[in-house]
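Heads up, the thing below is written out as structure tokens.
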Amino acid sequence: MFKTLDDIEINGDRVIVRGDLNVPMKDGKVTDATRIERLAPTLRELSDRGARVVIMAHFGRPKGKTVEAMSLRAVVAPLADVLEGRPVSFVGDCVGTAAKRAVAALEPGALLLLENLRFHPEEEANDGAFAAELASLGDFYVNDAFSAAHRAHASTEAITHLLPAIAGRSMQAECAALSKALEAPARPVMAIVGGAKVSTKLEILANLTRRVDQLVIGGAMANTFLLAQGCRVGTSLVEPALVDEARSILERAEKDGSTLILPIDATVSTALESGAETRDVGVDEVPDDCMILDIGPRTTSQLMAQLASCSTLLWNGPLGVFETPPFDRGTVEVARHAAALTEAGALMSLAGGGDTIAALRHSGVMEQFSYVSTAGGAFLEWLEGRSLPGLVALEAN
Numbered sequence: 362m363f364k365t366l367d368d369i370e371i372n373g374d375r376v377i378v379r380g381d382l383n384v385p386m387k388d389g390k391v392t393d394a395t396r397i398e399r400l401a402p403t404l405r406e407l408s409d410r411g412a413r414v415v416i417m418a419h420f421g422r423p424k425g426k427t428v429e430a431m432s433l434r435a436v437v438a439p440l441a442d443v444l445e446g447r448p449v450s451f452v453g454d455c456v457g458t459a460a461k462r463a464v465a466a467l468e469p470g471a472l473l474l475l476e477n478l479r480f481h482p483e484e485e486a487n488d489g490a491f492a493a494e495l496a497s498l499g500d501f502y503v504n505d506a507f508s509a510a511h512r513a514h515a516s517t518e519a520i521t522h523l524l525p526a527i528a529g530r531s532m533q534a535e536c537a538a539l540s541k542a543l544e545a546p547a548r549p550v551m552a553i554v555g556g557a558k559v560s561t562k563l564e565i566l567a568n569l570t571r572r573v574d575q576l577v578i579g580g581a582m583a584n585t586f587l588l589a590q591g592c593r594v595g596t597s598l599v600e601p602a603l604v605d606e607a608r609s610i611l612e613r614a615e616k617d618g619s620t621l622i623l624p625i626d627a628t629v630s631t632a633l634e635s636g637a638e639t640r641d642v643g644v645d646e647v648p649d650d651c652m653i654l655d656i657g658p659r660t661t662s663q664l665m666a667q668l669a670s671c672s673t674l675l676w677n678g679p680l681g682v683f684e685t686p687p688f689d690r691g692t693v694e695v696a697r698h699a700a701a702l703t704e705a706g707a708l709m710s711l712a713g714g715g716d717t718i719a720a721l722r723h724s725g726v727m728e729q730f731s732y733v734s735t736a737g738g739a740f741l742e743w744l745e746g747r748s749l750p751g752l753v754a755l756e757a758n
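Numbering (our numbering), first residue to last: 362 to 758.
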């Protein structure tokens, strides 16, 4: 296990914090500050303890070149707002003379944001010399970016060999929630895996059949499983080339003792558009000119009933095309039921993935789940059972 902020004493020390400030922006302004808010507790605590806080992060994919539109300068004001008015200074590079001078000028409790790490190609190359330049700016290293833990980059892996390295509060909370949901969960455990394509979730499904009691497959990816069972799916999105893989997962689930749950009915339409005429039909009754766009009411009721008997829920991916009402019904009803069970203390609920977060926001239950991961790729790789280089490095240190 890694060390945390509880394991270090700070006496005006320089503390480098690797955060996740890769936030959505439009017209130069942050449109969702969730990741900034997740980083704030670590920054506040370090500032209050008298650390000279040096914040480093990446933004976008500038491919090793300076791209003004991807400068972290735009995050300074939103970061200061979330930090309740604590001033945050900024320097236009993350290494070199300017960065060293800016760090040297910091007073205890002050915060400094460095420019985008990915303006330097050495960052993604996990370059040792670049990591040494970063490390020279601090006395301690704190990784508070679980979302970048699946990347072996200079700021997440190489630097841990050069400084005492510990986990920040967000990293600590994320890992605790993930462990509680999959490594040592209260049973029975249900996993809901949805989304568009089976091809993007094969490793996740293979890992989960060994770990959960009930595995629900929804979204368009369920269509391929229905096809594998001989159902006609009309004009639905489907991956015929993966039918054999779907059958293999069905067999694996049976072998592993996990109950694999597929839709028993569906909401179908001839058009994917808001207000389109819809029908609810059994999955073996889909008209040839229709496509499956959501789970049906019987499936929704079945999932809600089974969820009530579970102790842990792990959710990745929507159950239908929730962005286009009325095909959001299944996702919304199941999400709200899970949220109600969570608030009643009957369920530990963990969700993650970009589409999942959007679906929970749409359902109005983002704050009611036990934990919602903003990690994206790292969350998916964790679901696949992979080792994450950033976490391995912290544990080794």
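Glycine included, every Cβ here is placed at the ideal spot set by N, Cα and C.
When burial is assigned at 16 or more other CB atoms within 10 Å of the CB, is Thr458 buried or exposed? exposed
Looking at the strands, I want to know which residues DSSP matches up with Val693. In the DSSP output, where bridge partners are listed per residue, Val693 has none listed.
Which residues bound the alpha helix (DSSP H) around Leu325? No answer is possible for residue 325: the residues shown for the chain start at 362 and end at 758.
Quick one, are the C-beta atoms of Arg697 and Ser724 less than 7 Å apart? yes
Ser397 in three-state terms, based on DSSP: One detail in the question is off: residue 397 reads as Ile in this sequence, not Ser. Helix, per DSSP.
Grab me the residues of Leu721's own chain with a C-beta within less than 7 Å of its C-beta, minus the 5 sequence neighbours each way, in chain order. Ala696, Ala712, Met727, Phe730, Val733
If we call anything under 7 Å between Cβ atoms a contact, is Val376 one with Leu404? No, these two residues do not count as a Cβ contact at 7 Å.
Burial state of Ser710 (16 or more Cβ within 10 Å): Counting C-beta atoms within 10 angstroms of its own C-beta, Ser710 has 16 or more neighbours from the protein chains shown and is therefore classed as buried.
Can you find at least 3 beta carbon pairs, one from the region 431–443 and one from the region 390–400, that sit closer than 8 Å? yes
So, Leu702 versus Ala510, is the Cβ gap smaller than 7 Å? no
Starting from the Cα of Thr596, find the closest Cα among Arg572, Ala632, Gly618 and give me that residue. Ala632
What is the rounded straight-line gap between the Cα of Gly411 and the Cα of Ala471? Rounded to whole angstroms, Gly411 to Ala471 spans 8 Å at the Cα level.
Express the C-alpha separation of Leu741 and Arg462 in angstroms, rounding to a whole number. 39 Å
Could you tell me which whole beta strand (DSSP E) segments of length 3 or greater appear in the region 714–755? 732–734
May I ask which residues mark the beginning and end of the beta strand (DSSP E) holding Asp641? Per DSSP, Asp641 is one residue of the beta strand (DSSP E) stretching across 640–643.
Tell me the rounded alpha-carbon separation between Glu370 and Ala526. Their backbone Cα atoms lie some 13 Å apart in a straight line.
Taking a contact to mean a Cβ-Cβ separation below 7 Å, would you say Asp381 touches Ser508 in this structure? Yes, the Cβ-Cβ distance between Asp381 and Ser508 is below 7 Å.
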